[in-house]
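The sequence shown begins at 1 in the UniProt record's numbering and counts up one residue at a time. A virtual CB, placed ideally from N, CA and C, is assigned to each residue, including glycine. Structure record follows, encoded as structure tokens.
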Amino acid sequence: MDPTMLVDNPEWLLIVLAPVFIICMLAEYGLGQRNHRLPANSRYSLPEVVCNFTLAGMHQLADLLTGLLIVKFYLWLFGWRLFDIEISVASFIALMVLQDFCYYWFHRASHRVRWMWAAHVAHHSSENMNFSTAFRQSLMYPLAGMWLFWVPLVIIGFEPKWVVFVVLLNLGLQFFVHTQWIDKLGPIEKVFNTPSHHRVHHGTNPQYIDKNYAGVLIVWDKLFGTYEPEVETVRYGVTKPVNSFNPITVTFHEWRELWADAFHQPMTIKQRLKVLLSPPRD
Ligand SMILES: [Zn+2]
Ligand SMILES: [Zn+2]
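What follows is the structure, given as structure tokens:
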């Protein structure tokens, strides 16, 4: 396949990677789960796998529908770019690193701003961890404002199609950190986000909450004080369990609660904004 086709049509990237994702899940299920090499909370249960896949489909569809609008906005902003950046190996690596830096702040905001947590909670509400957990995404990310975090890359002068491609590549690479099959990876742990680091991110153990926001590089967490190594066995999920395999409930339950808290009682606009923008409740 011509790789430039994927840059011109980045929405195909995750579809092209789908066979790799499926092989990994079949291997984790066949070699890990069926040979009892994995803990009970790594189990593939049909209702949850169906829920995870449906969430991925809903997310892809929402991205396709809103992507056109977002790319139009990026192209308009691109007219005000600071530099003209040709894509070469060096500038592509720079774009990957800068996008990963923006991803760190997007992800940190998704945990610390309730408006954004309402979308991101779908990714965290499973009490299991296996490759299929990576498919738990929310169709509400465009409304939550994910696209705002990549605006600096367009303003700097990276072409919007390359920005979108790298955002989706980062998301695709994160599939591989959602597993209990892989233990620690030696020196790789020092620089890159790994399954061990990301297991911590999904933990409800008090010391693991709001830690390891990394996309590809763990160095951002080490730099900005949110790094925590995996020591104690991780308990997965969220502090307020959703207890549902219904993708609609998983997607909207926190939005419903947020709406009730912000709009069902008399408050000033400032108080409402405070509810929407404060950290999530325990
Ligand atoms: Zn998260
Ligand atoms: Zn995750």
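Host alpha helix (DSSP H) of residue i (start-end)
{"i": "F252", "result": "247-263"}
{"i": "H123", "result": "114-124"}
{"i": "Q137", "result": "No alpha helix (DSSP H) holds Q137; DSSP gives it neither H nor E."}
{"i": "R281", "result": "Counting along the chain, R281 falls outside any alpha helix (DSSP H), and DSSP gives it neither H nor E."}
{"i": "A144", "result": "141-144"}
{"i": "W220", "result": "219-223"}
{"i": "I188", "result": "188-191"}
{"i": "F165", "result": "160-173"}
{"i": "L148", "result": "Here L148 belongs to no alpha helix (DSSP H), and DSSP marks it neither H nor E."}
{"i": "S196", "result": "195-201"}
Cβ distance (whole Å) where residue i is taken to contact residue j below 8 Å
{"i": "V164", "j": "P10", "result": "5 Å"}
{"i": "R108", "j": "P280", "result": "That belief does not hold up - the Cβ atoms of R108 and P280 are roughly 13 Å apart, past 8 Å."}
{"i": "P247", "j": "C51", "result": "5 Å"}
{"i": "I15", "j": "L82", "result": "With a Cβ gap of about 33 Å, I15 and L82 do not count as contacting."}
{"i": "M25", "j": "S132", "result": "6 Å"}
{"i": "T179", "j": "N130", "result": "6 Å"}
{"i": "L46", "j": "W181", "result": "Wrong, their Cβ atoms sit about 20 Å apart, outside the cutoff."}
{"i": "T66", "j": "P160", "result": "Actually they do not touch by this definition, with Cβ atoms about 14 Å apart."}
{"i": "V151", "j": "L77", "result": "7 Å"}
{"i": "F92", "j": "F149", "result": "The Cβ separation is near 19 Å, so there is no contact."}
{"i": "F53", "j": "F135", "result": "6 Å"}
{"i": "D84", "j": "G157", "result": "6 Å"}
{"i": "A118", "j": "L258", "result": "5 Å"}
{"i": "I87", "j": "W162", "result": "6 Å"}
{"i": "K262", "j": "R272", "result": "It should be pointed out that residue 262 corresponds to Ala in this sequence rather than to Lys. Indeed they touch by this definition, with Cβ atoms about 5 Å apart."}
Cβ-Cβ distance between residue i and residue j below 8 Å
{"i": "L168", "j": "Q99", "result": "no"}
{"i": "D210", "j": "H120", "result": "no"}
{"i": "residue 313", "j": "Y236", "result": "The displayed coordinates of the chain run from 1 to 282. Any statement about residue 313 would go beyond what the structure contains."}
{"i": "V238", "j": "Y208", "result": "no"}
{"i": "A144", "j": "M116", "result": "yes"}
{"i": "Y103", "j": "N170", "result": "yes"}
* Taking three-plus beta-carbon pairs below 8 Å as touching, is the stretch 247-256 in contact with the stretch 111-128? -> yes
* Taking the runs of the beta strand (DSSP E) that are 3 residues or longer, which of them lie wholly in the stretch 20-107? -> none
* Asked: Within the chosen definition, does the stretch 189-203 reach the stretch 217-237 through at least 3 CB pairs nearer than 8 Å?
  -> yes
* Asked: Pairing CB atoms from the stretch 171-181 with CB atoms from the stretch 197-215, are three or more of them under 8 Å?
  -> Counting C-beta pairs closer than 8 Å gives three or more between the stretch 171-181 and the stretch 197-215, which meets the contact rule.
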